[in-house]
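Start counting the sequence shown at 1; every next residue gets the next number (UniProt numbering).
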Amino acid sequence: MKILVTGGLGFIGSHTVVELQNEGFEVVIIDDLSNASEDVIQGIVNITGKKPLFEKIDLREKAAVKDFFKKYNDVAGVIHFAASKAVGESVENPLLYYENNISSLVYLLQELKEKPEASFIFSSSCTVYGQAEKMPITEDAPVQAAMSPYGNTKQIGEEIINDTAKVTNISAILLRYFNPVGAHPSAEIGELPLGVPQNLVPFITQTGMGLRQELSVFGNDYPTPDGTAVRDYIHVVDLAKAHVIALQRLLNKKNVQKVETFNLGTGTGSSVLEVIHSFEKVSDKKLPYIIKPRREGDITEAYANTDKANNVLGWKAQLTLDEAMSSAWEWEQKVRNK
Ligand code: WQD
């Protein structure tokens, strides 16, 4: 029995491959290498001693997806990470996002519905909630109009999966991530953003390395305790472990609905300034930053109600923000000193 991990050489994907191998699963990775390097395979092997199978495939090629499932007819489950995921880029280039993120999902599901049964884990995002009314955010908080084509592809993806599961033998779990951060404690794998990082933590660690002159803090006039925006920063290793638990739930038929949804966060909100202070504590460095106006499309606050993930999925985040910042910093230093 094999598990397919699409986007398995990416940030969250590679950490999930490690945790799948730790649980004894045989993994086959599909990645188009558009936002990841094949060197990541060696990082995975250095951690687990096991080399995952790898196929370089663009999931927009319907025939290539069909051929893959002919070759690997013993795939029992799929964890689908592969997608374009830069919010800003999606505003500039919406068709790239709709083509890549939607057609790849459709082609995968078209193959899976031919199998006697299939378990499907979908990488979704708290972005679907927009600025939720109530904190902490529960899974039944209303899905609001997407703030970006990227967020819209996650909403549409969830709807496609719900509609498909109703009339096929596919069971699915939708995992709505809050803000994934950090790196594997071995510093063998981590986040490798191409170009100027859009996300807060890689920008902080690159500034810590002197690759960026200073961090721009996008707004300190939010209605929050210190005026900077609040997010739920979840360690990528905790996030990866949740994927394995969700997959096992489906494989063991423990799911109570054809499609289940879980928020994956720590349940604690941290402001931008608190993240900066955490970095300064773990790195013993002063981080240069400047307050700038708010970033277009940003929300004030988002942090998860984790009751459902804790009580139904049986998963709880274990690692702290300081541990996430420390691992992100270790990784940044290692990858720059290679
Ligand atoms: C976090 C906070 C920024 C950079 C996005 C996507 C989400 C997921 C994670 C893909 C915000 C502030 C940031 C900087 C800053 N992506 N910030 N200076 O926007 O919460 O979520 O990334 O799945 O779907 O929406 O994450 O890290 O970009 O920003 O002040 O240089 O840090 O304003 O308040 P975000 P982020």
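Idealized CB from N, CA, C, for every residue including glycine. Quick caveat, the model's predicted, so the values are computed rather than measured.
Of all C-beta pairs linking the stretch 31–51 to the stretch 185–195, three or more are shorter than 8 Å, placing the two stretches in contact. In the three-state reduction of the DSSP assignment, Pro-202 falls in the helix class. Nearest in C-alpha terms to Lys-113, of all of Lys-66, Leu-319 and Arg-176, is Lys-66. Of the heavy atoms belonging to the ligand WQD, at least one sits nearer than 6 Å to the Cβ of Val-87.
A straight line joining the alpha-carbon of Glu-296 with that of Lys-71 spans about 45 Å.
Counted as a single uninterrupted DSSP element, the alpha helix (DSSP H) harbouring Arg-336 occupies residues 321–336. Put simply, the stretch 135–147 does not touch the stretch 76–83. Fewer than three CB pairs are less than 8 Å apart.
Rounded to the nearest whole angstrom, the CA to CA distance from Val-256 to Lys-241 is 21 Å. In the three-state DSSP reduction, Leu-192 falls in the coil class, being neither helix nor strand.
Per DSSP, reduced to three states, the secondary structure at Gly-43 is helical.
Per DSSP, Arg-60 has no beta-bridge partner at all.
Taken in chain order, the unbroken stretches of beta strand (DSSP E) that lie wholly in the stretch 112–175 and span 3 residues or more are 118–125. Distances between the C-beta of Arg-176 and the heavy atoms of the ligand WQD are all 6 Å or more. Phe-68 and Asp-322 have their C-alpha atoms some 41 Å from each other. Asn-311 counts as exposed, since fewer than 16 other beta carbons sit within 10 angstroms of its beta carbon.
Contact between Ile-30 and Glu-61 is ruled out by a C-beta separation of about 11 Å, above the 8 Å threshold.
Assignment of alpha helix (DSSP H) within the stretch 228–282, counting only whole runs of 4 or more residues, yields 236–251 in chain order.
DSSP lists no beta-bridge partner residue for Ala-302.
Per DSSP, the unbroken alpha helix (DSSP H) holding Thr-16 starts and ends at 11–22.
With distances taken between CA atoms, Val-181 lies nearest to Ser-326 out of Asp-32, Ser-326 and Met-209. In this chain, the alpha helix (DSSP H) harbouring Tyr-97 covers 94–97. Going by beta carbons, Leu-264 and Leu-239 fall inside the 7 Å limit.
Shown here for Gln-21: same chain residues with a beta carbon closer than 8 Å to its own, the five before and five after excluded, namely Val-27, Ile-44, Thr-48, Lys-50 and Pro-52 in chain order. By alpha-carbon distance to Asn-162, the top candidate from Phe-178, Ser-84 and Phe-122 is Phe-122. Taking a 10 Å sphere around the C-beta of Asp-32, we find 16 or more other C-beta atoms and assign the residue as buried. With 16 or more other CB atoms across the displayed protein chains lying within 10 angstroms of its CB, Lys-154 is buried.
When rounded, the separation of the alpha-carbon atoms in Ile-173 and Ser-14 is 19 Å. Looking at the DSSP output, Lys-292 sits in a beta bridge with Phe-218. Here Leu-59 is buried, its C-beta having at least 16 other C-beta atoms within 10 Å. Phe-25 places its beta carbon less than 7 Å from that of Ile-3.
Excluding five sequence positions before and after Pro-288, the CB atoms of its chain that fall closer than 8 Å to its own CB belong to Thr-207, Gln-213, Glu-214 and Leu-215, given in chain order.
Between Phe-120 and Leu-175, the beta carbon gap of about 11 Å keeps them out of contact (Cβ cut-off 8 Å).
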